[in-house]
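Q: Using UniProt numbering, the letters of the sequence shown correspond one by one to residues 1 to 154. Cβ atoms here follow ideal geometry from the backbone N, Cα and C, with glycine treated the same way. Keep in mind the model is a prediction, meaning the values are calculated, not measured.
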Amino acid sequence: MINFNLTSSKNYIGVQSQLNKLIQQHLPAGSYTETTLEYVEGALNFTMFVRQQADVLMSHGAADKNYHWKKYLDKSFVNEQTRRKHLFVPGNLLVDRISQSRKLPSFNRTNVHSVGWPRLDALIALQNEYDKDKPAARKKMFSGHQRMITTAKV
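1. With a CB to CB cut of under 7 Å and the five nearest residues on each side skipped, what residues in its chain are close to E38?
2. Between V50 and Y32, which are expected to be in contact by the criterion C-beta below 8 Å, what is the C-beta distance as a whole number of angstroms?
3. To which residues of the same chain is N111 closer than 8 Å at the C-beta, ignoring the five residues directly before and after it?
4. Would you decide whether Q25 is buried or exposed? Buried here means 16 or more other CB atoms lie within 10 Å of its CB.
5. Given a threshold of 16 other Cβ atoms within 10 Å of its Cβ, counted over all protein chains shown, does N128 qualify as buried or as exposed?
6. Would a C-beta distance cut-off of 8 Å place T36 and S8 closer than the cut-off?
7. Which of the three DSSP states is assigned to L22 in this structure?
8. Label R147 either buried or exposed according to how many other C-beta atoms from any shown protein chain fall within 10 Å of its C-beta, with 16 as the threshold for buried.
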């Protein structure tokens, strides 16, 4: 069972919902639950927010905001205190940075994974739908000394 541990922040409801749906559409019905700010014992807990308890943290954006190195409750680093077993990050640069960090000894190339920016897949799909419905544009092109105008389908 996978538990999607949601944030209560109204600012991130849309992003969180969009990304969770992109994942959940590939899961069998009944194989996951959603809770708000609640770690479910015995489940694989998943979150997109660094301060929440979860086994798996996936970045919800493309930027590295140094949040993996923030202190949690004035103790050790946040991923060391929040039951984290795996990190899904947007790119290899962050995989390298985390796995080579002396401050995050629990994380290495076996549990830090590059997954790209999943939200980009949804944006590309929307763009493709838009382009499919839009009439083909024509650009004017000038050729040679005669300044002959031709049109080309783009």
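A: Taking the structure as given:
1. N5
2. Actually they do not touch by this definition, with Cβ atoms about 21 Å apart.
3. K85, H86 and L87
4. exposed
5. exposed
6. yes
7. helix
8. Only weak support exists for where R147 lies, its pLDDT of 48 falling under 50; the coordinates are left without a value.
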